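Below you'll find the structure, written out as structure tokens, and then a few comments.
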Amino acid sequence: MIAPQRWARRSAALLGALLLSACSGGLIPNGGPARPSRPAPTHRPPPAEAPARPVPATPRPALPPPGATTPAVDTDTNNAVRAGLVKGPPIGDLLQSGERSRLALQAFRISCPSLLRRADQSGLTQGSDWQQSCSAAASWPDATATEFFRRYFESVQVGDGKGLVTGYFEPEILGSRDRRSGYDVAIYARPRELIDVNLGQFSDALKGKTIRGKVQGTNFVPFDERSEIVGGSLTGRGLEIAWAKDPVEFFFLQVQGSGRLRLPDGSVMRIGYDGQNGRDYTGIGKLMKDRGLIQAGSMHDIMAWIRANPVEGAAIMNENKSFVFFKELTGAGPLGALGVPVTGEATVAADPKYVPLGAPVLLSMDRAEPNGIWIAQDTGGAIKGANRFDTFWGAGSRARSIAGGMSARGSVLLLLPIGTYARLAQANGWPSSDR
């Protein structure tokens, strides 16, 4: 979606980072440029890691869903209030101490400035609701992070509480700042003629809808699709900020929305999302699985098939007409949709119509890896609905192997400042207690 810094990605029940994916744009949890501390890489595309073997877990059952609800204020927009809330159980017994909670506290702490000033599209909270927890978070010891969440939050279930979780990561591929032998895949900056149009300015019926395109004569037309751009429609205009070695690896980096280029001298160039061509995203993993080309649908399977069938693979990649433009990243970052740096194994992408950006989310899935507290700091074009989430795993081979095969189902609880449910229940006629 497209968030200011990232874009769409992810898929159901297939590959987290590729099947129906795309999140907002920066993905580097540790700011600052990487140092060239290791030798320059070989000029051979890195292998696609097989997805990590899932660690099974038993998810907590979802609560009975709320009945039909009538929001106090009818906005004609689907959001958490319209979906309905159920008061969740006390969170004291649900939280586990450990690294996940510690990282979540750190992520919540840096999210607080945005939480306090941001308009909440979900309809659940106002900035002032977060004042007490944000004030406490500023000085709360990381070592007792679990106690912080127990003291300042209560749990609620939005809708039926049945969650689907996928994963994304920060890829690293071989690249060069200049075009040279073996580095022929252009990485483009955003063209100046690519225009965003807020349709709500023209009609109330189109409120909240935007399109992207370009002016051609007196008409506003769709921007070039992937096949046209790959075929050279932007060549010779000086838009190339770098060159990738492998088109397949670059395709996956576009799906993720940002990443690192390992340059020939061993140093790193960080690139992040700087717009998308406005064309619809197509998850090629699902497409390939539906055609019987692959079985499991993991990133490893997709890449292996495309490499084994380069002509057909290039055509399939072009069936995803979406194309992402990049800019070089410097300083802290990259940033998620909330405008703060995302954190590996703590940041989750969510639908802001159902989850306040900056709020803690408690996952209980049928895979153990994502279970625990995450902070909603990002969004994704394929991340839609009350209980659809995309977990960010950071960078490196472990992150890639987990995120590349992440698909988990279970139950989700949203953590809100204590007292929020009672206020909403009174305003919307919901039960004042658990059921």
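Sequential numbering from 139 applies to the sequence shown in my numbering. Backbone N, C-alpha and C define an ideal beta-carbon position, used for all residues, glycine too. Treat the numbers as computed from the prediction; the structure is a model and nothing was measured.
Is there contact here, the region 473–489 with the region 452–460, by at least three beta-carbon pairs under 8 Å?
No contact exists between the region 473–489 and the region 452–460.
Is there a Cβ of chain D sitting closer than 8 Å to that of residue 467, yes or no?
Although the question refers to chain D, the structure presented lacks it and comprises just one protein chain.
Of the residues 201, 200, 476 and 285, which one's Cα is nearest the Cα of residue 231?
Position 93 of the sequence shown holds residue 231. Comparing alpha-carbon positions, the option among 201, 200, 476 and 285 lying closest to residue 231 turns out to be 285.
Whole-number beta carbon distance between residue 537 and residue 308, since they are thought to touch under 8 Å
Residue mapping note: residue 308 aligns to position 170 of the sequence shown, counting from 1. Residue mapping note: residue 537 aligns to position 399 of the sequence shown, counting from 1. With a beta-carbon spacing of about 7 Å, residue 308 and residue 537 fall inside the 8 Å limit used to define contacts.
Restricting to runs no shorter than 3 residues, where is the beta strand (DSSP E) found entirely within the region 403–486?
Under the rule that a run must span 3 or more residues, the beta strand (DSSP E) segments found entirely inside the region 403–486 read 406–414 and 462–466.
Taking contact to mean at least 3 C-beta pairs separated by less than 8 Å, is the region 249–257 in contact with the region 194–204?
Touching, no, given that fewer than three Cβ pairs across the two stretches are closer than 8 Å.
Coil, strand or helix - residue 331 by DSSP
Position 193 of the sequence shown, counted from the start, is the residue given in the question as residue 331. For residue 331, the three-state secondary structure derived from DSSP is coil.
I'd like to check one pair, residue 460 with residue 414: are the Cβ atoms closer than 8 Å?
Mapped onto the sequence shown, residue 414 falls at position 276. Mapped onto the sequence shown, residue 460 falls at position 322. Taking 8 Å as the cut-off, the Cβ atoms of residue 414 and residue 460 count as close.
contact_flag[the region 433–452, the region 384–399] where n(CB pairs < 8 Å) is 3 or more
Yes: at least three Cβ pairs fall under 8 Å.
Start-to-end residues for the alpha helix (DSSP H) that takes in residue 236
On the sequence shown, residue 236 is found 98 positions in, with the first residue counted as 1. Per DSSP, residue 236 belongs to no alpha helix (DSSP H) and is neither H nor E.
Hey, how far is the Cα of residue 366 from the Cα of residue 360?
Start at 1 with the first residue of the sequence shown, and residue 366 comes out as number 228. Start at 1 with the first residue of the sequence shown, and residue 360 comes out as number 222. If I take the Cα positions, the gap works out to 12 Å.
Close-in-space but distant-in-sequence residues of the same chain around residue 270 (CB under 6 Å, 5 per side omitted):
Position 132 of the sequence shown, counted from the start, is the residue given in the question as residue 270. Taken in chain order, the list of residues that qualify is empty.
Are residue 493 and residue 249 closer than 8 Å when you measure CB to CB?
By one-based count along the sequence shown, residue 493 stands at place 355. By one-based count along the sequence shown, residue 249 stands at place 111. Taking 8 Å as the Cβ cut-off, residue 493 and residue 249 do not qualify as a contacting pair.
Within 10 angstroms of the Cβ of residue 468, are there 16 or more other Cβ atoms? Answer buried if so, exposed if not.
By 1-based counting over the sequence shown, the position of residue 468 is 330. That one is exposed.
So, helix, strand or coil for residue 532, using DSSP?
Position 394 of the sequence shown, counted from the start, is the residue given in the question as residue 532. Look at residue 532 here: in three-state DSSP terms it is strand.
For residue 331, does the count of other Cβ atoms within 10 angstroms reach 16, so buried, or fall short, so exposed?
As a first step, residue 331 is located in the sequence shown; it is residue number 193 there, counting from the start. Classification of residue 331: exposed, given that the 10 Å Cβ count is below 16.
Is residue 173 helix, strand or coil by DSSP?
Locating residue 173 in the sequence shown gives position 35, where the first residue counts as 1. Residue placement at residue 173 is poorly supported in this model, since its pLDDT is 28, which falls under 50; the coordinates still yield a value, given next. Reduced to three states, the DSSP call for residue 173 is coil.
Please say whether residue 193 and residue 507 have beta carbons closer to each other than 8 Å?
What you label residue 507 is simply residue 369 of the sequence shown in a count that begins at 1. What you label residue 193 is simply residue 55 of the sequence shown in a count that begins at 1. For residue 507 and residue 193, yes; Cβs fall inside 8 Å.
Reducing DSSP to helix, strand and coil, say where residue 284 ends up.
Looking up residue 284 in the sequence shown gives position 146. Residue 284 carries a helical assignment under DSSP once its states are collapsed to helix, strand and coil.
Distance, residue 514 Cα to residue 563 Cα
As a working note, residue 563 is residue 425 in the sequence shown. As a working note, residue 514 is residue 376 in the sequence shown. Whole-angstrom Cα-Cα distance: 23 Å.
Could you tell me which of 260, 289 and 281 sits nearest to residue 272, measuring between CA atoms?
One-based indexing of the sequence shown puts residue 272 at position 134. Selected option, being the one with the closest Cα: 289.
Within a Cβ cutoff of 7 Å, which residues of the same chain sit near residue 314, ignoring the five residues on either side of it in sequence?
Position 176 of the sequence shown, counting from 1, holds the residue named residue 314. Answer for residue 314: 321, 380, 381, 401 and 402, listed in chain order.
Under a Cβ-count criterion, where at least 16 other Cβ atoms within 10 Å of its own Cβ denotes burial, should residue 337 be classed as buried or exposed?
As a first step, residue 337 must be located in the sequence shown, where it is residue number 199. With fewer than 16 neighbouring CB atoms inside 10 Å of its own CB, residue 337 falls in the exposed class.
How long is the line joining the alpha carbons of residue 376 and residue 265, rounded to whole angstroms?
The residue labelled residue 376 in the question sits at position 238 within the sequence shown. The residue labelled residue 265 in the question sits at position 127 within the sequence shown. C-alpha separation (whole angstroms): 44 Å.
Take the Cβ of residue 239 as the centre, count every other Cβ of all protein chains shown within 10 Å, and call the residue buried at 16 or more, exposed below.
Here residue 239 refers to the residue found at position 101 when the sequence shown is read from its first residue. That one is buried.
Quick one: give me the first and last residue of the alpha helix (DSSP H) that residue 385 is part of.
The residue you call residue 385 lines up with position 247 of the sequence shown. Looking at the DSSP string, the run of the alpha helix (DSSP H) that includes residue 385 is 385–394.
Span of the alpha helix (DSSP H) around residue 264
Residue mapping note: residue 264 aligns to position 126 of the sequence shown, counting from 1. Membership of residue 264 in any alpha helix (DSSP H) is not indicated, and neither H nor E is assigned to it by DSSP.
For residue 361, three-class secondary structure by DSSP:
On the sequence shown, residue 361 is found 223 positions in, with the first residue counted as 1. Of the three classes helix, strand and coil, the one that applies to residue 361 here is coil, per DSSP.
Contact under 8 Å by Cβ, residue 554 with residue 475
Taking the first residue of the sequence shown as 1, we reach residue 554 at position 416. Taking the first residue of the sequence shown as 1, we reach residue 475 at position 337. Result no, Cβ atoms of residue 554 and residue 475 do not sit closer than 8 Å.
Nearest-angstrom Cα distance between residue 450 and residue 368?
Along the sequence shown, one-based indexing puts residue 450 at 312. Along the sequence shown, one-based indexing puts residue 368 at 230. Cα-Cα distance, rounded: 15 Å.
By alpha-carbon positions, which one of 227, 328 and 356 ends up nearest to residue 299?
Sequence index remark: in the sequence shown, residue 299 carries index 161 (1-based). The residue among 227, 328 and 356 with its C-alpha nearest the C-alpha of residue 299 is 227.
Between residue 429 and residue 466, is the Cβ-Cβ spacing less than 8 Å?
For this step, residue 429 is matched to residue 291 along the sequence shown. For this step, residue 466 is matched to residue 328 along the sequence shown. Result no, Cβ atoms of residue 429 and residue 466 do not sit closer than 8 Å.
Sort 510, 343, 275 and 421 by Cα distance to residue 499 and report the nearest one.
Indexing the sequence shown from 1 puts residue 499 at position 361. Of 510, 343, 275 and 421, the smallest CA-CA separation from residue 499 is found for 510.
Distance between residue 310 and residue 533 (C-alpha atoms, nearest Å)
In the sequence shown, counting from the first residue as 1, residue 533 sits at position 395. In the sequence shown, counting from the first residue as 1, residue 310 sits at position 172. Cα to Cα, the separation comes out at about 8 Å.
Between the Cα of residue 556 and those of 221, 531, 225 and 280, spot the shortest distance and give me the residue it belongs to.
Residue 556 sits at position 418 when you count from the first residue of the sequence shown. Just measuring C-alpha positions, the residue of 221, 531, 225 and 280 sitting nearest residue 556 is 225.
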